[in-house]
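J.: Letter by letter, the sequence shown follows residues 15 to 192 of the working numbering.
Note that the Cβ used here is the ideal one computed from N, Cα and C, for glycine as well.
Predicted model only: the values in this text are computed from it and were never measured.
I'd like to ask you about the structure that follows.
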Amino acid sequence: SAQQSAQQYYGSTSTGRATTTPDGAPLAGWWHRVGAYLIDMVIVGIVVGLVAFPWAQDIGRIYLDYVDEVMRDAEAGRQSSTSAFDLQGDLARPLAIVSLISLAVGFVYHVGFLMWKQGTPGKLVTGLRVRRREVAGPMPLGTVVLRWAGQFGVAIVGLVPFVGSVVGLYNILDLLWP
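Have a look at this one:
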């Protein structure tokens, strides 16, 4: 009957939430997904840190120069001639480069591993695989790219002033609501 099929699909939960795919593969729980996400972020963070190191050094130098100049002016009893707008202008280029490197590394990592292994190293370590709900097997490239864009590609929009705050909220909700 339809009720038995629905009960099999939804598992034994009384909430009506699916616990398996239509072919019986169990769905991952929240902690497995968060664990996989954190492992992947550490790996991607290390790679981005290595690739973007020269620009990260520039960012650190710019901040230190700004603080030194403000402190010198304060010690001399004068108002600082350096404004926060100058600081932002100096930081714009290296921050944009680091952001683009981060997006590129994340894209290659996530799309590459999902196409190759149907899971990133974090997912594989936690026993997860990514697949379409209705169809077993590898996902098409278009599906994988759309998945990445929905999860991480929104960061491109986050580079727009003020919009970044909304994107940050989207990312938090995405993490809390897998």
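Tell me the rounded alpha-carbon separation between residue 168 and residue 89.
T.: Position 154 of the sequence shown holds residue 168. Position 75 of the sequence shown holds residue 89. When rounded, the distance between both Cα atoms is 44 Å.
J.: Would a C-beta distance cut-off of 8 Å place residue 84 and residue 94 closer than the cut-off?
T.: In the sequence shown, the residue the question calls residue 84 occupies position 70. In the sequence shown, the residue the question calls residue 94 occupies position 80. Result yes, Cβ atoms of residue 84 and residue 94 sit closer than 8 Å.
J.: Decide if the segment 126 to 146 is in contact with the segment 43 to 53; the criterion is three or more beta carbon pairs, one per stretch, under 8 Å apart.
T.: Segments in contact, yes.
J.: Going along the chain, which residues of its own chain have a beta-carbon closer than 8 Å to the beta-carbon of residue 170, five neighbours each way excluded?
T.: Locating residue 170 in the sequence shown gives position 156, counting from the first residue. Excluding residues within five positions, the ones whose Cβ falls inside 8 Å are 117.
J.: Please classify residue 128: is it buried, with 16 or more other beta-carbons within 10 angstroms of its beta-carbon, or exposed?
T.: Counted from its first residue, the sequence shown places residue 128 at position 114. With 16 or more Cβ atoms within 10 Å of its Cβ, residue 128 is classed as buried.
J.: Return the chain-ordered list of same chain residues with a C-beta closer than 8 Å to the C-beta of residue 111, the five sequence neighbours on each side being excluded.
T.: Numbered from its first residue, the sequence shown carries residue 111 at position 97. Excluding sequence neighbours, residue 111 sits near 66 and 69.
J.: Going along the chain, which residues of its own chain have a beta-carbon closer than 6 Å to the beta-carbon of residue 35, five neighbours each way excluded?
T.: Residue numbering aside, residue 35 sits at position 21 when the sequence shown is read from its first letter. Hits under 6 Å: 147.
J.: Go to residue 165, then tell me how far its alpha helix (DSSP H) extends in each direction, as first and last residue.
T.: Taking the sequence shown and counting its residues from 1, the one referred to as residue 165 is at position 151. It spans 155 to 165 - the alpha helix (DSSP H) in which residue 165 sits, taken as one unbroken run.
J.: Straight-line CA distance for residue 119 to residue 55?
T.: In the sequence shown, residue 119 corresponds to position 105, counting from 1. In the sequence shown, residue 55 corresponds to position 41, counting from 1. Whole-angstrom Cα-Cα distance: 11 Å.
J.: Which residues mark the beginning and the end of the alpha helix (DSSP H) in which residue 119 is found?
T.: Within the sequence shown, the letter at position 105 stands for residue 119. Residues 98 to 131.
J.: Measure the beta-carbon distance from residue 125 to residue 174 and round it to whole angstroms, keeping in mind my assumption that it falls under 8 Å.
T.: On the sequence shown, residue 125 is found 111 positions in, with the first residue counted as 1. On the sequence shown, residue 174 is found 160 positions in, with the first residue counted as 1. The Cβ separation is near 24 Å, so there is no contact.
J.: If you run the structure through DSSP and keep just helix, strand and coil, what is residue 40?
T.: Here residue 40 refers to the residue found at position 26 of the sequence shown. Strand, per DSSP.
J.: Look at the alpha carbon of residue 145 and the alpha carbon of residue 107, and state the distance between them as a whole number of angstroms.
T.: As a position in the sequence shown, residue 145 is number 131, starting the count at 1. As a position in the sequence shown, residue 107 is number 93, starting the count at 1. Computed Cα separation, rounded: 38 Å.
J.: Determine the burial state of residue 166: buried for a count of at least 16 other Cβ atoms within 10 Å of its Cβ, exposed for fewer.
T.: Along the sequence shown, one-based indexing puts residue 166 at 152. By the neighbour-count rule (16 or more Cβ atoms within 10 Å), residue 166 is buried.
J.: Name the two residues that bound the continuous alpha helix (DSSP H) containing residue 181.
T.: As a first step, residue 181 is located in the sequence shown; it is residue number 167 there, counting from the start. Here the alpha helix (DSSP H) through residue 181 covers 177 to 190.
J.: On the CB-based measure, 16 or more other CB atoms within 10 Å of its CB, does residue 133 come out buried or exposed?
T.: Locating residue 133 in the sequence shown gives position 119, where the first residue counts as 1. Residue 133 is buried by the Cβ-count criterion.
J.: Starting from residue 83, trace the alpha helix (DSSP H) both ways and give me its first and last residue.
T.: On the sequence shown, residue 83 is found 69 positions in, with the first residue counted as 1. From DSSP, the alpha helix (DSSP H) with residue 83 extends over 67 to 89.
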